[in-house]
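Structure first, commentary second.
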Amino acid sequence: MTPITTLHYLVVAAALFVLGVIGVLTRRNVVIVLMSIELILNAVNLNLVAFSRIWGLHGQIFAIFVITDAAAEAAVGLGILIAFFRNKETVNVDEIDLLKW
Amino acid sequence: MTPVATTFFFYFLSVVTVVSGVGVIMRKNPVHSALALIVALLGQAGLYLMLYAPFVAGVQIILYAGGIMVLFLFVIMLVNIEKAQKEEQFNKQWLAGLAAAIALGLLFVFIYAKGRGLFPDRAIQMPEQSNTQQVAVLLYGSYMFAFEIASLLLLVAIIGAVVMAKKRI
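The listed protein sequences correspond, in order, to chains A and B. Under the working numbering, the first residue of the first sequence carries the number 11, and numbering increases by one thereafter. Under the working numbering, the first residue of the second sequence carries the number 5, and numbering increases by one thereafter.
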């Protein structure tokens, strides 16, 4: 039985981060893209908390601030999504191309 | 007091979290994705508990799994999912997505292989005060200013969300 080290937690966080990046890049539904962003933020949080076990509590404080940020980002992002859906009747990212040249 | 079955719980929670993460990005129905994300968040809260961070674990469950996910489910209810479900779910960026994922994975492997010595495994000294007490001392002490800025950020987010989601101001 090998003991669970900080590296183990970092590997889990890296896997979550890569999953979130794949979701952001390949999904078409904006809601799922926002959920993938939440996965990325969670991976960062897991890293911060894992390091706070070694270097003191500051990582946990930062994780709480990141959670605050995620809440603000989700509220604003979903507000934009509702406003956009009212105008264009779509939730697909590749049809949101008003600024495309 | 020595922890019990740490290895088992670590692997169990990790597998739950990562498999639910795959579910988030692979499911067709956004409601299924949201439910998978809730499971992933709960698994991660368990990992926080294993890392001696009970306060962050509680915040994760109450705020993320309780608050933000309800927001997501409400928005999924408001937008038309029946129509979106019949359409193509993935855009034509599989190549870019795969390339980015492989590059990121290689970067992580490289960094972990290089920086293994940077992550020491000291014995965890259990603090005398409880974790929540220590977090509060730091949050209202040295991080006072950042705490106030965070409240301002939330105010801006509330106003922004109301302004954008309202029909006419």
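Note that CB positions come from ideal geometry on N, CA and C, so glycine has one too.
What span of residues does the alpha helix (DSSP H) with residue i cover, start to end?
| i | result |
| --- | --- |
| B:Ile72 | Run containing B:Ile72: none; DSSP gives neither H nor E here. |
| A:Glu99 | No alpha helix (DSSP H) contains A:Glu99, which DSSP labels as neither H nor E. |
| B:Pro34 | 34-54 |
| B:Leu3 | A question about residue 3 of chain B goes unanswered here, because the residues of chain B that appear run from 5 up to 173. |
| B:Phe149 | 148-169 |
| A:Leu108 | Unbroken run through A:Leu108: none, as it is neither H nor E. |
| B:Leu142 | 135-143 |
| B:Phe59 | 58-63 |
Closer than 9 Å, CB to CB, is residue i near chain A or not?
| i | result |
| --- | --- |
| B:Leu149 | Here the sequence assigns Phe to residue 149 of chain B, which means Leu is not the residue at that position. No, no contact with chain A. |
| B:Glu92 | yes |
| B:Val63 | yes |
| B:Phe114 | no |
| B:Lys171 | yes |
| B:Gly50 | no |
| B:Gly70 | no |
| B:Ser134 | no |
| B:Phe59 | yes |
| B:Val43 | no |
| B:Met5 | The pLDDT assigned to B:Met5 is 46, lower than 50, so where the model puts this residue is not dependable, and the model offers no usable value. |
| B:Phe123 | yes |
| B:Leu157 | yes |
| B:Leu46 | no |
| B:Phe16 | no |
Give a yes or no on whether the minimum CB-CB distance between residue i and chain B is below 9 Å.
| i | result |
| --- | --- |
| A:Asn102 | yes |
| A:Asp79 | yes |
| A:Asn52 | yes |
| A:Leu49 | yes |
| A:Leu56 | yes |
| A:Ile106 | no |
| A:Asn97 | no |
| A:Ser46 | yes |
| A:Leu109 | no |
List the DSSP bridge partners of residue i.
| i | result |
| --- | --- |
| A:Arg37 | B:Phe94 |
Item to check | Unbroken stretches of the alpha helix (DSSP H), 4 residues or longer, contained in the segment 53-93 of chain A | outcome: none
Checklist entry - Does the segment 110-124 of chain B come close enough to the segment 11-23 of chain B that 3 or more CB-CB pairs lie under 8 Å? => result no
Checklist entry - Below 8 Å, can you find three or more Cβ-Cβ pairs linking the segment 93-104 of chain B to the segment 43-55 of chain B? => result no
Next on the checklist: Within 8 Å, do at least three Cβ pairs link the segment 49-64 of chain B to the segment 98-108 of chain B?
Outcome noted: no
Next on the checklist: Assess contact between the segment 56-71 of chain A and the segment 23-37 of chain A, defined as three or more Cβ pairs (one per stretch) separated by less than 8 Å. Is contact present?
Outcome noted: yes
Checklist entry - If you pair each beta-carbon of the segment 100-108 of chain A with each one of the segment 35-48 of chain A, do three or more pairs fall below 8 Å? => result yes
Item to check | Every unbroken alpha helix (DSSP H) within the segment 81-105 of chain B, with a cutoff of 4 residues, ordered by chain | outcome: 85-90
Checklist entry - Between the segment 84-91 of chain A and the segment 155-168 of chain B, are three or more C-beta pairs nearer than 8 Å? => result yes
Checklist entry - Below 8 Å, can you find three or more Cβ-Cβ pairs linking the segment 66-81 of chain B to the segment 71-80 of chain A? => result yes
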